[in-house]
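Residue numbers (this note's numbering): 6 to 394. Where a beta carbon is used, it is the ideal one built from N, C-alpha and C, also for glycine. Remember, it's a predicted structure, so these values are computed and weren't measured experimentally. Input: a single structure, listed below in structure tokens.
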């Protein structure tokens, strides 16, 4: 019998499998996809996460980020200056999330079965004892017995639902249109650039963010309210937005709004618990978040490291221990999404764009305050007490 079957080849599940396989455990990861997605998205890794990942995959995969800039419709301003990151002792990095996950699976010391999805859970009495799986191409179903079943299978987790674990999901009020541009030579390869559609959001197009990657590539996303996909004014607003800065047109190229982007709608929430006897969930299956604050990948990686330590330690009740170690930290990570959700969910006439930019100006003049805020965001997913492997 397997020691562990993992549903989903996400970053958390892959790391958990690797750490346990290196300790001699028999692991199989079931991944529905046969290849990485055809589209990419920005992903920021805070130092604790990037440093750990660099022990598993080449550091050259990551592009160090030294600052975050924003174009407010008239000029470029520093959103998070390099001095604030240095004062905080924080050096984030970016990477193509598809490449990171593929490297983890390609270099694995565990078995990976692609083109296989989990359809239900196996039981021995009340205990979960593995999964019923299905080959996507042929429809053939087969059983995969295991001592522990792990769900890293996303927001609509089959493992979570099969365990009867509830989750109250809310839809983030902003949609994300993702794409992978070439990085313009006129932009620094170590600075994130945001463009706010200031004064031009009548159809719901809010702005665009671009994040550099190694080798002259980048990832980007357009932020838009759901109404933008139905508003006939959106096409014209899109062109006026691109006219605000020639670099925008260079990044976007000939992509048209919205059809030439991958649209992502992001539910978020926190599962009522992280497991039952014989099964555990982590990452997006347990606590999906929005991109706000760059918490998703870091929380999933920290989940995996904690759970590996718990399962290897011979804990009598791994479910309760995992819950105790990770829930408070994940709740702190979710708080950033919750705050962003509330800010964007209020009516547009209540939102003060001048107030937002005034607040940014205030923080730029007080680098110590900004540094504390950055340090807080960059460590929210970590545990309060020592012991994370």
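Between the CA atoms of residue j and residue i - distance to the nearest angstrom
i, j, result
"residue 141", "residue 170", "26 angstroms"
"residue 391", "residue 289", "Reliability of the predicted coordinates at residue 391 is poor, the pLDDT of 41 falling under 50, and the value obtained from them is presented with this limitation in mind. Near 24 angstroms, if we compare the C-alpha coordinates of residue 289 and residue 391."
"residue 117", "residue 35", "6 angstroms"
"residue 45", "residue 349", "24 angstroms"
"residue 343", "residue 178", "11 angstroms"
"residue 172", "residue 248", "43 angstroms"
"residue 210", "residue 11", "39 angstroms"
"residue 214", "residue 197", "8 angstroms"
"residue 319", "residue 330", "16 angstroms"
"residue 354", "residue 252", "Residue confidence is low: residue 354 scores 49 on pLDDT, short of 50, so the model does not pin down where it sits. No coordinate-derived value is stated."
"residue 322", "residue 316", "9 angstroms"
"residue 205", "residue 48", "27 angstroms"
"residue 217", "residue 64", "15 angstroms"
"residue 377", "residue 15", "31 angstroms"
"residue 347", "residue 27", "43 angstroms"
"residue 20", "residue 313", "9 angstroms"
"residue 18", "residue 128", "21 angstroms"
"residue 201", "residue 73", "13 angstroms"
"residue 351", "residue 174", "18 angstroms"
"residue 364", "residue 371", "11 angstroms"
"residue 261", "residue 281", "46 angstroms"
"residue 368", "residue 199", "17 angstroms"
"residue 296", "residue 29", "35 angstroms"
Same chain, Cβ closer than 6 angstroms to residue i, neighbours up to 5 away in sequence not counted
i, result
"residue 255", "189"
"residue 133", "126, 154, 283, 284"
"residue 184", "225, 266"
"residue 230", "209"
"residue 149", "10, 135, 136, 138"
Contact set for residue i: own chain, Cβ-Cβ below 7 angstroms, skip 5 residues either direction
i, result
"residue 107", "41"
"residue 98", "50, 55, 67, 68, 69, 70"
"residue 147", "138"
Bridge partner(s) assigned by DSSP for residue i
i, result
"residue 153", "9"
"residue 280", "285"
"residue 85", "73"
"residue 109", "In DSSP, residue 109 forms no bridge with anything."
"residue 388", "DSSP lists no partner for residue 388."
"residue 49", "99"
"residue 183", "226, 267"
"residue 309", "DSSP output for residue 309 lists no bridge partner at all."
"residue 32", "9"
"residue 148", "137"
Best match in the options for proximity to residue i [C-alpha to C-alpha]
i, options, result
"residue 180", "145, 232, 238, 224", "232"
"residue 240", "203, 263, 377", "263"
"residue 160", "98, 271, 60", "271"
"residue 136", "201, 7, 27", "7"
"residue 382", "207, 103, 298", "298"
"residue 164", "324, 13, 366", "13"
"residue 62", "105, 150, 238", "105"
"residue 100", "277, 268, 131, 220", "220"
"residue 337", "274, 281, 311", "274"
"residue 452", "332, 326, 294", "No statement about residue 452 is possible, as the shown extent of the chain runs from 6 to 394 and does not include it."
"residue 259", "375, 124, 187", "187"
"residue 24", "162, 280, 95, 115", "115"
Close beta carbons around residue i, own chain, < 8 angstroms, minus the five adjacent residues each side
i, result
"residue 334", "304, 307, 385, 386, 387, 388, 389"
"residue 145", "139"
"residue 121", "35, 36, 37, 138, 139, 140, 141"
"residue 374", "368"
Cutoff 8 angstroms: residue i Cβ touching any chain C Cβ
i, result
"residue 130", "Of the chains in the structure shown, none is chain C; there is only one protein chain."
Problem set entry | Length-filtered (3 minimum) beta strand (DSSP E) runs lying within the stretch 190-262 | 196-201, 210-217, 223-229
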